[in-house]
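Structure record follows, encoded as structure tokens.
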Amino acid sequence: MTKLYSMLKPFRFPERLEAIRERHLEAPVNIRIKPMNHCNHDCWYCAYRVSNLQLGEDMDVKDLIPTDKMFEIVDDIVEMGVRAVTFSGGGEPLIYKPLPDVIERLAAGGVKVGALTNGSNLKGKVADAFADHATWVRISMEGWDGPSYAEARRIGEDAFDKLITNMRDFVARKSHCVLGVSLIMGHDNYEHVSELVALLGDVGVNHVKLVGTVVSNDGAEFNAYHQKLNPRIDEEIAKAEAMAADTFTILNHYHEMEERFDRPYAICPNIQFNPVIGGDCVVYTCHDKAFTKGGTLGSIKDMSFKAFWFSDENRERVYAINPSKHCPHHCADHVKNLGMMDYLAIDPEHGQFV
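Numbering of the sequence shown is given in numbering that gives the first Met the number 0, commencing with residue 0 and proceeding in unit increments.
Right, dumping it as structure tokens:
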């Protein structure tokens with residue numbers, strides 16, 4: 000059985016790892032593009048909207064990548080040999096009007112496409128584009144019915160049924176595009192996890208990824224919040240996992256956050272695997288530092304992405320990022336970085352003794 004998620008994916012690209020060893024720059028493998036910062040939902044836990052989380056602290060909700068600039072970026076991505084693009088927020092990527100044409104242009108250039116979305120606009124031409132050209136799309140959810148979904152997102156109570164309809168319609172296309180769900184678990188829905196998972200299994204999604212609501216930059220505060228949900232949430236997760244089948248996978252990513260943010264490495268290899276282009280036309284190191292001064296690599300408003308990426312200024316900035324000093328916060332890629340740094344530390348004279 001093949002795996003959709005793995006911390007070992009970077010090792011499929013040894014030439015990138017060797018470039019890091021030599022302190023060179025290669026084209027990124029996967030670029031996350033946040034095409035616009037406006038969102039049609041207002042989730043209470045959204046890291047880009049709440050004041051107590053550092054993520055997105057400098058984000059302007061009015062920003063979006065102009066259409067001409069987006070297609071310039073797309074052409075650069077194709078020419079550079081970037082392998083994949085993930086569209087996410089910022090805001091809600093599927094309401095970015097040029098998106099269907101952008102996806103088609105990327106696919107025509109051999110670039111794989113995925114997206115993180117609330118799913119409200121996974122219909123019409125947008126759904127056509129994903130069904131025809133994308134590799135995956137993953138919808139974030141927490142509400143288990145109309146009222147709970149509306150309360151969490153401050154939207155109308157009919158939005159939940161509309162989303163379920165979008166998902167059923169997408170599944171009915173029998174596309175190669177994998178439809179998954181990130182189920183965000185917290186105090187408001189932990190008693191209903193298995194109920195929602197059962198519904199999603201009936202809808203026909205490929206998988207459900209169980210994750211905890213991020214309520215604080217502080218690991219101890221995060222863990223204290225989630226420990227209050229025990230033992231019921233563990234029971235709900237067990238019920239959910241029991242629903243797994245050959246065509247329906249449950250991925251349990253619900254775990255305690257590290258309470259210390261020690262980073263025992265002086266460079267961040269993941270920058271060259273998965274940088275971010277924001278709706279402000281600024282390139283950032285990663286998702287966790289997007290729309291922050293500390294995560295800024297540079298602006299591409301007045302230059303092409305390709306010219307920027309391979310510039311001496313960007314190379315210097317990439318290798319100046321020192322996670323042991325500059326990243327005292329949650330890092331989604333910490334485990335991947337540990338693995339890559341361990342690989343890069345192997346003595347070449349002894350690497351053959353496997």
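Note that the Cβ used here is the ideal one computed from N, Cα and C, for glycine as well.
Figure out for me which residue from 252, 262, 220 has the closest Cα to the Cα of residue 182. Checked all of 252, 262, 220; the closest Cα to residue 182 is 252.
Kindly indicate which three-state DSSP category residue 181 falls into: helix, strand or coil? If DSSP states are grouped into helix, strand and coil, residue 181 belongs with the strands.
Would you kindly work out how many angstroms separate the C-alpha atoms of residue 113 and residue 270, rounded to a whole number? Going from the Cα of residue 113 to the Cα of residue 270 covers about 19 Å.
Identified DSSP bridge partners for residue 298: According to DSSP, residue 298 bridges with 281.
Give the C-beta separation of residue 354 and residue 283 to the nearest angstrom, bearing in mind that I take them to be a contact with Cβ-Cβ under 8 Å. In the structure displayed, the chain extends from 0 to 353; residue 354 sits before or after that span and is not available.
Which full runs of the alpha helix (DSSP H) of 4+ residues lie inside the region 199-227, going along the chain? If we require 4 residues or more, the alpha helix (DSSP H) runs fully inside the region 199-227 come out as 218-226.
Specify, as a first and last residue, the run of the beta strand (DSSP E) that residue 251 falls within. For residue 251, the enclosing beta strand (DSSP E) covers residues 248-251.
From 304, 346, 345, 292, residue whose alpha carbon lies closest to that of residue 326: Nearest C-alpha to residue 326: 292.
Determine contact between the region 98-105 and the region 308-321, defined as no fewer than three beta-carbon pairs at a distance below 8 Å. Touching, no.
Beta-carbon gap between residue 116 and residue 136 smaller than 8 Å: A contact, by the Cβ cut-off of 8 Å.
Just list the alpha helix (DSSP H) runs in the region 22-73, keeping only unbroken ones of 4 residues or longer that don't cross its boundaries, in chain order. Secondary structure within the region 22-73: not one fully enclosed alpha helix (DSSP H) run of 4 or more consecutive residues is present.
Counting only the same chain and skipping the five closest in sequence on each side, list residues whose C-beta sits under 6 Å from that of residue 177. These residues qualify, in order along the chain: 135, 205.
Would you kindly work out how many angstroms separate the C-alpha atoms of residue 16 and residue 81, rounded to a whole number? Cα-Cα distance, rounded: 15 Å.
Output the boundary residues of the alpha helix (DSSP H) element that contains residue 83. Residue 83: not part of any alpha helix (DSSP H); member of the beta strand (DSSP E) spanning 83-86, first to last residue.
Should residue 75 go down as buried or exposed, given a rule of 16 or more other Cβ atoms within 10 Å for buried? Answer is buried; the Cβ neighbour count reaches 16.
With DSSP collapsed to three states, give me the class of residue 305. Helix, per DSSP.
Reduced DSSP category for residue 112 - H, G, I as helix; E, B as strand; rest coil: Looking at residue 112 - three-state DSSP - the assignment turns out to be strand.
Cα-Cα, which of 35, 247, 28 is closest to residue 278? For residue 278, the closest C-alpha among the options 35, 247, 28 is that of 35.
Helix, strand or coil for residue 289 per DSSP? Here residue 289 sits in coil by DSSP.
In the DSSP assignment, find the beta strand (DSSP E) that holds residue 137 and state where it starts and stops. 135-140 is the extent of the beta strand (DSSP E) around residue 137.
Beta-carbon within less than 6 Å of residue 240's beta-carbon, same chain only, minus the 5 sequence neighbours each way: which residues are those? Taking C-beta separations shorter than 6 Å and ignoring five residues to either side along the sequence, the partners of residue 240 in its chain run 249, following chain order.
Residue 323, enclosing alpha helix (DSSP H) - first and last residue: Boundaries of the alpha helix (DSSP H) harbouring residue 323: 322-325, taken from the DSSP string.
Rounded straight-line distance, which links the Cα of residue 268 to that of residue 33: In a straight line, the C-alpha of residue 33 is about 21 Å away from that of residue 268.
Quick check for students: name the residue ranges of the alpha helix (DSSP H) that lie wholly in the region 142-169, counting only runs of 4 or more. Runs of the alpha helix (DSSP H) lying entirely within the region 142-169, each at least 4 residues long, are 145-152 in chain order.
Near residue 385, which residues of its chain fall below 7 Å by C-beta distance, leaving aside the five closest residues on each side in sequence? The requested residue 385 does not occur in the structure, where the chain is confined to residues 0 to 353.
Candidates 79, 175, 236, 87: which alpha carbon is nearest residue 304's? For the residues 79, 175, 236, 87, the minimum Cα distance to residue 304 belongs to 79.
For the alpha helix (DSSP H) containing residue 317, name the first residue and the last one. Element bounds for residue 317: 311-319.
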